[in-house]
Amino acid sequence: MKISQRVQALTTSPIRRLSPYAAAAKAKGKKVYHLNIGQPDIETPELFMDSIRKFDEKVIAYSNSKGEECLVDAISKYYKEWDMPFEPADIYVTNGGSEALRFAVLALCDPGDEILVFEPFYANYNSFARENNVIIKAIPTSVENGYHLPEEKVIEAAITPKTRAILLTNPSNPTGVVYSKEEMEIIARLVCKYDLGLISDEVYREFVYDGKYISFGTMPEVLDNLIIIDSVSKRYSACGARIGCIISKNAQFQQQILKCCQARLCSPILEQVGATALYSTPTSYLDAVNKEYKKRRDTIKAALEKLPGVTSSNPKGAFYLMVKLPVDDAEKFAIWLLESFDVNGETVMFAPGNGFYSTPGCGIDEARLAYVLKCEDIEKAIAILGEGLKVYPGRK
Ligand SMILES: Cc1ncc(COP(=O)(O)O)c(C=O)c1O
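Positions 864 to 1259 (this note's numbering) are the ones given, in order, by the sequence shown.
Below you can see the structure in the form of structure tokens.
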């Protein structure tokens, strides 16, 4: 049996590929602090399971391809509360933000087309592009300027006749950057000038710790080119529900998305019932969660600042940050921490930075840390990282 070149060109997830090393460490009795994966430890609102328990149909039937009407209505209402004019007709429910991203790439690009992305970026964008033979054209950003966008002329110079879309994550995974109004205006101008798709991945919209969040959905000039990617995974700590959505006011685009939705039949019905209820979660829940993450952000920043030779940015949103480590290769260091190191039986796991780049050779000495643990555990995990750095044989 022949295996396709396309699938062989996909890379393994930097977030998950060291899991066998973590499993082996645990099998030897080590405790592993997981800073590698964005799986929040915050409890999912009880509304989710309560509404599923009340589900009283005799058959778990297929649901509507576009999404259950009650869920689509709840999402539309949520957007109107954010002053974004998205009607139920503009919203299609997907199996997580991940499926929404795949549909967006499929609907905008033919093989050989290009999508502009700011590097470092969410690692799975590489797979969503490669599985469609689409090229990610990465524009570098750096820790020195907090991973903010380069000047307009630099971005414009990267646009070619093959460019179909600009893909932004705001707030960003993995850097935590939140874009300013001025940066968003640059993107809006370029998108309109070259008639590109603007894929705005806003799954971390609620997680902003300094200043106010602005969505492209509030900028009328881009609405015809805008595709918003959203999800309940992070907002309501419901990653396993696999419910997201793709939103656009461009009816021609959405007609194509409907075909994608029909081909996979539907999203799971019970999870849609639960997700509908999540949209009635009181804002006090999100306020409390936001406060907790802000505390965690401050804790991890303060802990990292104590480590000699480690450089990190100042994340303003999401729950990640990138760090530059004084090591030969962050992936080797991560494996060494799991295989050969512990402090009183405890060690730490992070995601190697190279997987968040598509430019070969970039991110080798970087790591992405997810601050999804309680503050005490973050402090312990970073202290262990610091102890490991003192004795790691590949220290620079
Ligand atoms: C930036 C970004 N977009 C999309 C996703 C996909 O989320 P999900 O498919 O769980 O909605 C993630 C998950 O970590 C993410 O970090």
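Using N, Cα and C, we set each Cβ at its ideal position, and we do this for glycine too. Given the structure is predicted, the values throughout are model-derived calculations rather than measurements.
- Exclusion of Ser1078 from the 7 angstroms shell around ligand 1 follows from its C-beta lying no nearer than that to any non-hydrogen atom of the ligand.
- Burial check for Lys1075: the Cβ neighbour count within 10 Å stays below 16, so the residue is exposed.
- DSSP places Glu1194 inside the alpha helix (DSSP H), whose first and last residues are Ala1193 to Ser1203.
- In the three-state DSSP reduction, Lys917 falls in the coil class, being neither helix nor strand.
- Where Arg1258 is concerned, there is no enclosing alpha helix (DSSP H), because DSSP gives it neither an H nor an E.
- By the beta-carbon neighbour count (other beta carbons within 10 angstroms, threshold 16), Tyr1142 is buried.
- Here Ile1109 carries a strand assignment [DSSP, helix/strand/coil].
- Closer than 7 angstroms to some heavy atom of ligand 1: that describes the Cβ of Val1066.
- At a threshold of 7 angstroms, Leu964 counts as near ligand 1, since its beta carbon sits closer than that to one of the ligand's heavy atoms.
- A contact is defined here as three or more CB-CB pairs under 8 angstroms, and the stretch 1147-1162 fails this definition with respect to the stretch 975-986.
- The Cβ atoms of Asn1153 and Glu1069 lie closer than 8 angstroms to each other.
- The shortest CA-to-CA distance from Tyr1057 to any of Ala885, Ile1022 and Phe1219 is the one to Ile1022.
- The DSSP-derived three-state label of Asp936 is helix.
- Using a Cβ distance threshold of 8 angstroms, Thr1038 and Pro1171 do not count as a contacting pair.
- Under the three-state reduction of DSSP output, Glu1229 falls in the strand class.
- Rounded to whole angstroms, the gap between the alpha carbons of Lys1000 and Arg916 is 46 angstroms.
- Under the Cβ criterion (8 angstroms, minimum of three pairs), the stretch 1081-1096 counts as touching the stretch 1057-1067.
- In the DSSP secondary-structure assignment, Ser882 is not bridged to any residue.
- Inter-residue distance for Phe1182 and Asp1240 is about 15 angstroms (C-alpha atoms, whole angstroms).
- Tyr985 has its Cβ nearer than 7 angstroms to a heavy atom of ligand 1.
- For Asn1036, the Cβ falls inside the 7 angstroms cut-off from some heavy atom of ligand 1.
- With a threshold of 7 angstroms, the Cβ atom of Thr1032 counts as near ligand 1, since some heavy atom of the ligand is closer than that.
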